[in-house]
Amino acid sequence: MHATATSGRNLHQPTVKAAPARRRWWLLLKGVAVGWHDARVSRLAASLSFYTLLSLVPLLVITDALLGLALDRTAVRHEIDLQLTSMIGGDQARALRAMLDHAQAPAFSSWQTVFSAVMTFIGAAGVFLELKDSLNSLWRVKAKEHVRLRDFLRGYFAPMTMVLGFGFLLLVSFICEAALAAGVSALSSWQPGLAAAVAAGDQITSWLLAFLLFAATYRFLPDTAIAWREVWLGAAVSALLFVVGRWAIGLYLGTSDFAGRYGPAGAILAIVVWIYYSAQIFLSGALFTRLHAESRGRRVEAAEKAPTARVALEA
């Protein structure tokens, strides 16, 4: 018994398949709104925020290590600080920096270093495992109840590779950010009018990298057989909302006394709010992707193999 998508329509979205183009888009957006409520996306986003918070420091440790292999470590940390400050504000960025410095404290022996590295990688993968479960829920995928241990491990390999993919995209992002920053500095002294165009290119680069990350996640992480052509639009819309929302909430957190109102826990709470908004955008984009595929008459089917909590040790 292989993994199967749930029969019927668990989410009661309006039927959008045979409608005229303009009405189809209206029904599609309406379907996303109804599906957002029926699938309890806000609750999935809250759960994802919790796992992301637990995985945030391990992800930063891995990012710092990967970028340090290709770039100057001091420049990497400065760029990480700038990016965090622009996204979540100065107080929150300093809180994350303190946690990152503490997590990178040297171990007492070589075996402790190896153990710490393994646990850091597993911790970073935790958020992608939760992402996988959330996407399976939105795609209405049921895992088969018994699966061979080999298939079980194979099903959980994708979230692990997403950690490395995430680090690679951040490496590309930071290189592009550094190149654009150098370009803005040079053009400001030579041709001030062009500096604004280069700065706009910075935002386009941020959108492009978010688009690639979202598209890869929608394509590979859930246990569904979905074609690339079905994820492009949803990833593009989600990335646009993510970039705009990142700027807006970063501006709010950076200019308001949000952290000060809640005392010592304010910085962590502000980080959770930012993660929660981002999770809402990401999961709503996944729902949009599924409904858009269905509106084009393409049935999204469950993948051949999917992991499950119960594993039968079969040969």
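So the mapping is simple: our numbering equals the position in the sequence shown, first residue as 1, plus 84.
No residue lacks a Cβ here, since even glycine has one placed at the ideal position from N, Cα and C.
Since residue i and residue j should fall inside the 8 Å C-beta cutoff, what is the C-beta to C-beta distance between them, to a whole number of angstroms?
| i | j | result |
| --- | --- | --- |
| residue 329 | residue 365 | 6 Å |
| residue 371 | residue 210 | No, residue 371 and residue 210 are not in contact; Cβ-Cβ is about 23 Å, not under 8 Å. |
| residue 440 | residue 367 | Because the chain is modelled from 85 through 399, residue 440 falls outside the range shown and cannot be assessed. |
| residue 322 | residue 298 | 5 Å |
| residue 379 | residue 112 | 6 Å |
| residue 225 | residue 308 | 6 Å |
My output table needs one value for residue i: the three-state DSSP class, helix, strand or coil.
| i | result |
| --- | --- |
| residue 225 | strand |
| residue 309 | strand |
| residue 131 | helix |
| residue 361 | helix |
| residue 346 | coil |
| residue 123 | coil |
| residue 178 | helix |
| residue 327 | helix |
| residue 340 | coil |
| residue 379 | helix |
| residue 145 | helix |
| residue 116 | helix |
| residue 315 | coil |
| residue 374 | helix |
So the candidates are the options; which of them puts its Cα closest to the Cα of residue i?
| i | options | result |
| --- | --- | --- |
| residue 287 | 327, 220, 129, 363 | 327 |
| residue 362 | 332, 118, 116 | 332 |
| residue 215 | 345, 380, 369, 312 | 369 |
| residue 149 | 169, 184, 166 | 184 |
| residue 123 | 311, 219, 378 | 219 |
| residue 376 | 350, 125, 318 | 318 |
| residue 176 | 111, 335, 116 | 335 |
| residue 296 | 141, 212, 161, 316 | 316 |
| residue 125 | 222, 178, 166, 314 | 222 |
| residue 137 | 114, 212, 110 | 212 |
| residue 373 | 312, 346, 350 | 312 |
| residue 325 | 314, 294, 339 | 294 |
| residue 314 | 381, 116, 140, 340 | 381 |
| residue 339 | 108, 114, 169, 141 | 169 |
| residue 140 | 114, 182, 285 | 182 |
| residue 320 | 109, 310, 114, 292 | 292 |
Exercise. Report yes or no: do three or more beta-carbon pairs, one from the region 125-134 and one from the region 356-373, lie closer than 8 Å?
Key: yes
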